[in-house]
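With the sequence shown counted from 1, adding 5 to any position gets you this note's numbering.
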Amino acid sequence: MNSMRTRYIVAMVIFLALICQQSRGAPLFIPPVILVMPDTYYPLSDILYMEGRADPYKQLQIRFEKSNALPLHLISHTNAQGEWTLAQHVPLEPGTWEVRIRTINDNQEPSSWSNPRIIKVVATGIVLGGI
6 MNSMRTRYIV AMVIFLALIC QQSRGAPLFI PPVILVMPDT YYPLSDILYM EGRADPYKQL
66 QIRFEKSNAL PLHLISHTNA QGEWTLAQHV PLEPGTWEVR IRTINDNQEP SSWSNPRIIK
126 VVATGIVLGG I
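Given below as structure tokens:
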């Protein structure tokens, strides 16, 4: 019972803080949205294509994470409509990767990380004699 009441109070405080922020004319600083097409990536032959929406004219930090691998960080930017794209070869090891994105505001403060998107990376090809 006590934990339920605590969660309710925390939710109300966050809600009221957002209302106060919006009433002062400050934009709501929410995590960006990611769309990955397709969700299977072949790094030997494909270009990874991702797109999404966030606050207009912001820098984005893109983080690729996989267990037992170092994370990879990339940068992108949003346009006037808040749209962003990433279309490039990304050197990812085979396996299942999580991608998260966050925006950086004008004061260099990051938003929360977005919800993760899953990318399956598949290595194809035959290696003969180390070539």
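For every residue, glycine included, the Cβ atom is placed at its ideal position computed from N, Cα and C.
All values derive from a computational prediction rather than experimental measurement.
Beta-carbon spacing of residue i, residue j below 7 Å
i	j	result
G100	R58	no
W118	K71	no
I106	Q64	no
V126	Y54	no
R122	V104	yes
D51	I124	no
Anticipated Cβ contact below 8 Å, residue i with residue j, distance rounded
i	j	result
L49	I67	Incorrect: roughly 21 Å between the Cβ atoms, too far for contact.
L97	F69	6 Å
**OP:** Would you list, in sequence order, the uninterrupted beta strand (DSSP E) runs of no fewer than 3 residues that lie entirely inside the segment 38-66?
**Re:** 38-41, 53-58
**OP:** Entirely within the segment 74-133 and at least 4 residues each: give me those alpha helix (DSSP H) ranges in chain order.
**Re:** none
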